[in-house]
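Numbering (UniProt numbering), first residue to last: 1 to 230.
The C-beta atom is built at its ideal place from N, Cα and C for all residues, glycine as well.
On a predicted model such as this, the values are computed, not experimentally measured, just so you know.
Heads up: the structure comes next, in structure tokens.
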Amino acid sequence: MRTCQASTLFSLLTDVRLAGAPPSHVHGLGPLNWGDVLEIQGPSGSGKTQLLYSLLATCVMPSAHLSIDSGGWGRAAVVFDTEGTFDTRQLHDLLLHKLARAFSRTNASSDAQLIALDCLRRVHVVSAASSAQLAASIYHLPAYHAAHMPDADIALVAVDSLSAFYWPDRFMAEQLRPLGLPNSHAPLQNVLSALQSFRLSHKPITVVTNWGLTLAQNSDGPSQTMPTII
């Protein structure tokens, strides 16, 4: 997995509009190919979810409508919502904005509402209340794909947010430590293994948001950082 070059959020949002088929290169993000992983890291309110919605919109928008380039991939997307904050209305409004801009000088602008609703049907949102449930849901994704969307290609898999269960998982690890049990409780690693398995089998673009927790150094030892997957 390659590390993307640093860029401002404004340039990322500007350059995320991709033309035609899913990309082999995205300006501003460095080379982005099938199977790549994009980690969006930052504190609360830094625009991580907005960037994710822009990527989702690009994924599910059609590549063209009535021979007019609309700049999308026309593929399906799966979002694992770990914080219960996924906003369908916000994504719908973003789709309308992008479609209206694409069709602004054509007679197709009146079709934007219907196209936006059709785009939303390509977005599948899965809730998760723990790292274990998240990992199990991702491992089950191939079966879900075959049963519920056999004719659709999953071009984007997103986890928002990968760090949602950091504190509960850490608390559980602290409770198990005095028992002297082997360090087999690795919930985040299970999630990453599940993502890796689906990435290798289906080659989607994988996007995860992460608030990049850094704990201050204390007398008990060195500072600890939230694990990353890139």
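Item checked: Beta-carbon proximity list for Leu200, same chain, < 8 Å, skipping 5 on both sides -> Contacts found: Gly35.
Notebook entry, point to check: Over what stretch of residues does the beta strand (DSSP E) that includes residue 232 continue unbroken?
Noted result: Look at the range of the chain in this structure, 1 to 230, and you will see that residue 232 is not part of it.
Check: Are Leu204 and Ile154 close, meaning C-beta to C-beta below 9 Å?
Finding: Sequence check: residue 204 is Pro here, not Leu. The criterion of a C-beta distance shorter than 9 Å is satisfied by Pro204 and Ile154.
Next item on the list: Just tell me which of His202, Ala112, Leu188 and Val159 has its CA closest to the CA of His55.
Entry: According to the sequence displayed, residue 55 carries Leu and not His. Among His202, Ala112, Leu188 and Val159, the Cα nearest to that of Leu55 belongs to Val159.
Check: So, Val37 versus Phe80, is the Cβ gap smaller than 9 Å?
Finding: No.
Notebook entry, point to check: Got a sec, what are the start and stop residues for the beta strand (DSSP E) His124 sits in?
Noted result: For His124, the enclosing beta strand (DSSP E) starts and ends at Val123 to Ser127.
Checklist line | Close beta carbons around Ser116, own chain, < 8 Å, minus the five adjacent residues each side | finding: Note on residue identity: the sequence assigns Ala, not Ser, to residue 116. The beta carbon of Ala116 sits closer than 8 Å to the beta carbons of His92, Leu95, Leu96 and Leu99 from its chain, once the five residues preceding and following it are set aside; these are given in chain order.
Item checked: CB of Arg75 within 9 Å of CB of Arg121, strictly -> In this structure, the beta-carbon distance from Arg75 to Arg121 does not fall below 9 Å.
Notebook entry, point to check: Taking just the CA atoms, how far does Thr82 sit from Ser130?
Noted result: If you take the alpha carbons of Ser130 and Thr82, they lie about 8 Å apart.
Check: Got a sec? Which residues, its chain only, sit under 6 Å from Ala164 by beta carbon, not counting five neighbours each side?
Finding: If we look at Ala164 and ignore the five residues flanking it on each side, its Cβ neighbours are Thr82 and Glu83.
Check: Thr209 by DSSP, collapsed to three states: which one?
Finding: DSSP, reduced to helix, strand and coil, places Thr209 within a strand of the structure shown.
Notebook entry, point to check: In whole angstroms, what separates the C-alpha of Leu32 from that of Met61?
Noted result: For Leu32 and Met61, the distance between alpha carbons rounds to 18 Å.
Checklist line | Candidates Gln90, Asn210, Gln175 and Thr88: closest to Leu192 by CA position | finding: Out of Gln90, Asn210, Gln175 and Thr88, Asn210 has the C-alpha closest to the C-alpha of Leu192.
Margin query: Can you give me the C-alpha to C-alpha distance between Thr85 and Ala173, rounded to a whole angstrom?
Written below: The C-alpha of Ala173 is placed about 27 Å away from the C-alpha of Thr85.
Notebook entry, point to check: Where does Trp73 land, buried or exposed, given buried means 16+ other C-beta within 10 angstroms?
Noted result: Using a 10 angstroms sphere on the CB of Trp73, the tally of other CB atoms reaches 16 or more, which defines it as buried.
Margin query: My output table needs one value for Ala152: the three-state DSSP class, helix, strand or coil.
Written below: Coil.
Notebook entry, point to check: Just how far apart, CA to CA, sit residue 254 and Gln189?
Noted result: There is simply no residue 254 to check, as the chain begins at 1 and stops at 230 in what is shown.
Check: Nearest CA to the CA of Gln90: which residue from Val157, Thr49, Ser70 and Ser110?
Finding: Ranked by Cα distance from Gln90, the options Val157, Thr49, Ser70 and Ser110 are led by Thr49.
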